[in-house]
Amino acid sequence: MAGISYQQQLAEKKEYIRKLFEDLATPELEVFESPSKYYRMRAEFRVWHEGEVCFYAMFEPGKKAGGASLIRCDQFDTAHSSINDMMPRLMAAVTDNPVLKNRWYAVEFLATLSGEMLLTMIYHKKLDEEWQAAARALQEELGIWIIGRSRGQKVILTQDFVTERLQVGERVFVYRQLEGGFTQPNAEVCQKMLAWACDCAEGLGGDMLELYCGNGNFTLPLATRFKHVLATEVSKTSVNAALWNIQANDCDNVQIVRLSAEEFTEAYTGNRAFRRLQEQGIALADYEFSTIFVDPPRAGVDDETLKLVAQFENVIYISCNPETLHDNLVKLNATHTIERMALFDQFPFTHHIESGVLLKKR
1 MAGISYQQQL AEKKEYIRKL FEDLATPELE VFESPSKYYR MRAEFRVWHE GEVCFYAMFE
61 PGKKAGGASL IRCDQFDTAH SSINDMMPRL MAAVTDNPVL KNRWYAVEFL ATLSGEMLLT
121 MIYHKKLDEE WQAAARALQE ELGIWIIGRS RGQKVILTQD FVTERLQVGE RVFVYRQLEG
181 GFTQPNAEVC QKMLAWACDC AEGLGGDMLE LYCGNGNFTL PLATRFKHVL ATEVSKTSVN
241 AALWNIQAND CDNVQIVRLS AEEFTEAYTG NRAFRRLQEQ GIALADYEFS TIFVDPPRAG
301 VDDETLKLVA QFENVIYISC NPETLHDNLV KLNATHTIER MALFDQFPFT HHIESGVLLK
361 KR
C-alpha cells in the first residue's frame, strides 16, 4: 500500500470487508481510524556496522538479508514518537562505548503511552560483567529499562516488563507488558477497541466467559460490565501477566484458568475433568453466562469451540483475520444475527485488518 494516502488505504480495507461479507446480513460498518504516523509501540531493527559507524537497518520485504536490500533507518515514522526520540540518543551513547557497541546485532523497542520503555539489546557475544556495568549506566542515562540477549543468555538488569496505562471511558487500566509477550501494537487503536467492546457489552448482564484472554487486555474493562468473568488462556507467561493485571486493577470478579479454548470446551461439555479447575475451586455450574468473548489467533475459532460459542446468547468476537472470521460467521449465522460490526485500523498501510462483531441469538 506504499505511495497512497491514509484515507485511500482505509477505503481499500473498507471495500475489502464489504465484499468479503456481502453474503451475510451485516449492519453498517463502524470504522475506527489510526494515527497515520507514530502509532506502533514496538519496533525491531538490525544494527549494521560499517567500519567505525553503526546504524539502525531494515531489509526490503521478501528479500534476503544482504547489502543490496539494506534500508538505513535513522528514524521510523511508523513507530511511536517516543521510540523515534530514543533512537538517536541510544545510537549516540552506544557508538561512544566500545563495550556496548562491539558485536551489537539488533535492538527491540517496547514503548508505552505511560512513558515507560524497555529495550532489548541483542548481541553476538557473551554478555559479561563489564557489559552489564556499561548497560546499567546506559539504562540510568536514558531513563529506560534494558535487557541483554545473546545465544543462551538473557540478562535482566532491573526488570523485563513495562507498565502501560490505557484509558477506557473515565477509567484508566494498568497493564504489565512483558518482553516477548503479546500486546496490541497500536495503543491508540487498542483503546478504541476496548471502548467498543465495553459499549457492546453494556446492559447484557449476567456473567461472561472469555477465551484466548492473553494478558487480560479486554478482560479488565469488560469485567466492569458483568457480574462475574471467567477467562481462559493457554500461555503461562500471559496468564502470569493477567493475574498481576487483575490484582493491580482490583478486578475481584475475575477468575482466570490456564486452559486452551479446546480444553475448556471439553470441560464445559463435561467430556473431560481438569485438575486446574478443581484446584482453583472453579465450578462451571456456578456461572450464569450471558455472553462469550473471543479473540482467537489468525486461524480463528476451531469447529468444536465454535459449537460452544453458538450456545451463548451474546457473542463479542474480535478478529485479526477477516477470512477466518467470515468462515466462523457463516456457521454462526445459523444461530445468531450480526448486530454490530467494526473495523479497527491497527496496522495502517498494511493488508492486515482487525475486526469486531457483536452477535445475538436468533
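Position 242 (the sequence shown) corresponds to 242 in full-length UniProt numbering; numbering is contiguous.
Yeah, the Cβ is synthetic: ideal placement off N, Cα and C, and Gly gets one too.
As the structure is a computational prediction, the values presented were derived from the model and not from experiment.
Straight-line Cα distance separating residue j from residue i
| i | j | result |
| --- | --- | --- |
| T335 | W48 | 55 Å |
| R46 | F349 | 22 Å |
| H80 | K192 | 17 Å |
| L90 | L142 | 8 Å |
| A223 | D252 | 9 Å |
| G67 | C54 | The predicted position of G67 is uncertain, since its pLDDT is 49 and thus under 50; a value taken from the coordinates is nonetheless stated next. Between G67 and C54, the C-alpha separation is close to 14 Å. |
| V309 | L211 | 10 Å |
| I122 | E12 | 38 Å |
| T337 | V94 | 57 Å |
| A342 | H124 | 44 Å |
| E22 | L284 | 38 Å |
| A92 | S114 | 25 Å |
| Q139 | D85 | 15 Å |
Under 8 Å between C-beta atoms of residue i and residue j
| i | j | result |
| --- | --- | --- |
| A242 | G216 | yes |
| V294 | Q280 | no |
| G205 | S319 | no |
| L157 | R171 | no |
| M41 | T120 | no |
| K361 | E304 | no |
| A195 | G214 | no |
| F76 | V189 | no |
| S355 | L325 | yes |
| R317 | V254 | For clarity, residue 317 is Tyr in the given sequence; the question names Arg instead. It is not a contact, given that the beta carbons lie outside the stated cut-off. |
| V99 | A134 | yes |
| A231 | V174 | no |
Residue nearest to residue i in terms of C-alpha spacing, selected from the options
| i | options | result |
| --- | --- | --- |
| V31 | D207, K360 and I353 | I353 |
| Q8 | L284, H351 and A201 | H351 |
| Q177 | E116, D23 and S36 | E116 |
| A43 | I282, P185, T26 and E60 | P185 |
| E130 | N102, R165 and S355 | N102 |
| N321 | D207, L20 and E164 | L20 |
| K227 | E288, K331, A187 and R272 | E288 |
| Y105 | S238, L118, N84 and R149 | R149 |
| K14 | L24, D207 and E33 | E33 |
| W145 | R151, Q153, D160 and G152 | D160 |
Residue i beta carbon near the ligand ADP (any heavy atom closer than 7 Å)
| i | result |
| --- | --- |
| L166 | The ligand ADP is absent from the structure shown, which contains no ligands of any kind. |
Contact with chain C by residue i, beta-carbon distance below 8 Å
| i | result |
| --- | --- |
| S114 | Structure shown: chain C not included; a single protein chain is present. |
### Task
Could I get the ranges of all uninterrupted beta strand (DSSP E) runs contained in the region 239 to 275, with 3 residues as the minimum, in chain order?
254 to 257
| If you scan the region 172 to 242 from start to end, which runs of the alpha helix (DSSP H) of 4 or more residues do you find wholly inside it? | Taking 4 residues as the minimum length, the alpha helix (DSSP H) runs contained wholly in the region 172 to 242 are 187 to 201 and 219 to 222, in order along the chain.
Ignoring anything shorter than 4 residues or poking outside the region 321 to 359, list the alpha helix (DSSP H) runs there in chain order. 322 to 332
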